[in-house]
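To start, the structure under review is shown below, and the notes come after it.
Numbering (the numbering used here), first residue to last: 2 to 161.
Take a look at the structure:
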């Protein structure tokens, strides 16, 4: 049989082992926590910019959407010179790398239109005097490829 001194010594050793195991466990969890941040933070993104044109003429105010085969779409809007830059997320420029279908929306609010001549109907002349034309959505016939890094992708809207 064990005497009281031996029991006390065993209890002390068991507590010491528990503390070592607990310390090792905490250290292991800490290491795993730091490793979890080392993986990829999301899909690979390539920066995309270019010019939207129709028949060689820049198209200002066009809304551009790139739809990837898989992943979230990216958006952009052309400036007065027809230049655009895509945004993948707020404050994150670009688009998912890979193949994309491209849709372009032109016209609508603020898009200038040219008078077609003196024989316009009154309703047409009213809408033209406001400087508006109906929106037009075009899906480009060819898919485009976004690669990692910087991409210059000029978009030409086919004539109707």
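Glycine is no exception: its CB is placed at the ideal position from the N, C-alpha and C atoms.
Residue i versus residue j: straight-line alpha-carbon distance, rounded
i	j	result
residue 87	residue 141	16 angstroms
residue 156	residue 101	13 angstroms
residue 58	residue 151	24 angstroms
residue 93	residue 17	51 angstroms
residue 78	residue 66	9 angstroms
residue 20	residue 28	12 angstroms
residue 45	residue 81	30 angstroms
residue 149	residue 98	6 angstroms
residue 84	residue 70	24 angstroms
residue 159	residue 95	24 angstroms
residue 104	residue 139	6 angstroms
residue 61	residue 137	13 angstroms
residue 47	residue 146	10 angstroms
Secondary structure of residue i, DSSP reduced to three states
i	result
residue 156	strand
residue 71	coil
residue 17	helix
residue 149	coil
residue 6	helix
Sheet register partners of residue i (DSSP bridge)
i	result
residue 106	64 and 138
residue 59	54
residue 30	Beta-bridge pairing links residue 30 to no other residue.
residue 81	Paired residue(s): none; residue 81 is not in a bridge.
residue 94	88
residue 47	96 and 150
Local Cβ density within 10 Å of residue i, reported as buried at 16 or more and exposed below that
i	result
residue 154	buried
residue 43	exposed
residue 63	buried
residue 107	buried
residue 90	exposed
residue 56	exposed
residue 30	exposed
Check: residue i C-beta below 7 angstroms from any heavy atom of the ligand ZN
i	result
residue 146	The ligand ZN is not part of this structure, which contains no ligands at all.
Inter-stretch contact (C-beta, 8 angstroms, three-pair minimum) for the segment 50-61 and the segment 69-76: no
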